[in-house]
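J.:
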């Protein structure tokens, strides 16, 4: 999968420019559309045509219920993971909840007489369902991750730090710019499911939240967070190299 973004450092007249892009939670939804296309391919290759009453043509359905069941479980996992942050104790509780749900599902599927035939959860989606859901979700994911999310970013250039929102002036939102004495950037990526699993953190990729604290010329501080930064180590190291002692980076 192509990386959504990375630090950019074009040459400017006086200083190197580093951009840090945050993302919305939809960046974690790529496994749903990717696995949906896999299910569509399996259904196309191994599916059984079924003729429903009133249907003008047969629909193609995979004969094994595990295809539809696995897609549904993945969808539910992503919904939970993007709605609840699994940090610290919450990560253990969420894993326990998922394990308990899996154990309960296994128990229910194997209770004699409770269902007419195993497996108990007979979930079948046809080929058109997988193609429609995966295609629409992929288009939405691509537009948001590669276009809309990249319209807002944190820009560091010399001692100038700016929160940029492209076309923001047309909407009455002026960019915020600070001249900083010191900047502290701390990377947090301890969301077990979203940051470590769904964004492939275990393979060396992953996303992280970055907390920024600015000490400003003339006194005062500014503090904010940039969420879901893809491969956050790269721009953080670039800021440290560009600003030297004026930056404290915690990776």
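In my numbering, the protein residues as written are -16 to 234.
Beta carbons: idealized from backbone N, C-alpha and C, even for Gly.
Which residue from 177, 27, 186, 159 puts its Cα closest to that of residue 207?
T.: Here residue 207 is taken as the residue at index 224 of the chain shown, counted from 1. It is 159.
J.: Determine the burial state of residue 186: buried for a count of at least 16 other Cβ atoms within 10 Å of its Cβ, exposed for fewer.
T.: Against the chain shown, residue 186 aligns to sequence position 203. The residue in question, residue 186, is exposed, as its Cβ has fewer than 16 Cβ neighbours within 10 Å.
J.: When we look at the beta-carbon of residue 55 and count the other beta-carbons within 10 Å, is it buried (16 or more) or exposed?
T.: Counted from its first residue, the chain shown places residue 55 at position 72. Looking at its Cβ environment, which holds fewer than 16 other Cβ atoms inside 10 Å, residue 55 is exposed.
J.: Straight-line CA distance for residue 127 to residue 213?
T.: Position 144 of the chain shown, counting from 1, holds the residue named residue 127. Position 230 of the chain shown, counting from 1, holds the residue named residue 213. Rounded to whole angstroms, residue 127 to residue 213 spans 14 Å at the Cα level.
J.: Within its chain, find whatever has a CB closer than 6 Å to the CB of residue 145; leave out the 5 residues flanking it on each side and keep chain order.
T.: Within the chain shown, the letter at position 162 stands for residue 145. Correct list, in chain order: 138, 158, 160.
J.: Among all the DSSP beta bridges, which residues are the ones paired with residue 204?
T.: Along the chain shown, one-based indexing puts residue 204 at 221. Per DSSP, 198.
J.: In angstroms with no decimal places, state the Cα-to-Cα distance between residue 87 and residue 182.
T.: Residue numbering aside, residue 87 sits at position 104 when the chain shown is read from its first letter. Residue numbering aside, residue 182 sits at position 199 when the chain shown is read from its first letter. In a straight line, the C-alpha of residue 87 is about 28 Å away from that of residue 182.
J.: Could you tell me which of 194, 28, 16 sits nearest to residue 115, measuring between CA atoms?
T.: The residue labelled residue 115 in the question sits at position 132 within the chain shown. Closest by alpha carbon: 16.
J.: Could you round the C-beta distance between residue 163 and residue 199 to whole angstroms and report it? I think they count as a contact, below 8 Å.
T.: Counting from one through the chain shown, the residue named residue 163 turns up at place 180. Counting from one through the chain shown, the residue named residue 199 turns up at place 216. Confirmed, Cβ separation roughly 6 Å.
J.: Rounded to a whole number of angstroms, what is the C-alpha to C-alpha distance between residue 133 and residue 20?
T.: Translated into the one-based positions of the chain shown, residue 133 becomes position 150. Translated into the one-based positions of the chain shown, residue 20 becomes position 37. Looking at the two C-alpha atoms, the distance is approximately 26 Å.
J.: Going residue by residue through the stretch -3 to 72, where are the continuous beta strand (DSSP E) segments of at least 3 residues, counting only ones entirely within it?
T.: If we require 3 residues or more, the beta strand (DSSP E) runs fully inside the stretch -3 to 72 come out as 0 to 4, 31 to 33, 42 to 44.
J.: So, with DSSP's three-state summary, where would you put residue 132?
T.: Against the chain shown, residue 132 aligns to sequence position 149. The answer is helix: DSSP assigns residue 132 an H, G or I state.
J.: Does DSSP put residue 169 in a helix, in a strand, or in coil?
T.: Looking up residue 169 in the chain shown gives position 186. Strand.
J.: Buried or exposed: which applies to residue 38, given that a residue is buried once 16 or more other Cβ atoms fall within 10 Å of its Cβ?
T.: The sequence position of residue 38 within the chain shown is 55, counting from 1. Exposed, by the Cβ-count rule.
J.: Helix, strand or coil for residue 162? Go by DSSP, reduced to three states.
T.: To locate residue 162, count along the chain shown from 1; it is residue 179. In this structure, residue 162 counts as strand in the three-state DSSP scheme.
J.: Compute the distance between the beta-carbons of residue 110 and residue 43, then report whether it is under 8 Å.
T.: To locate residue 110, count along the chain shown from 1; it is residue 127. To locate residue 43, count along the chain shown from 1; it is residue 60. It is a contact, given that the beta carbons lie within the stated cut-off.
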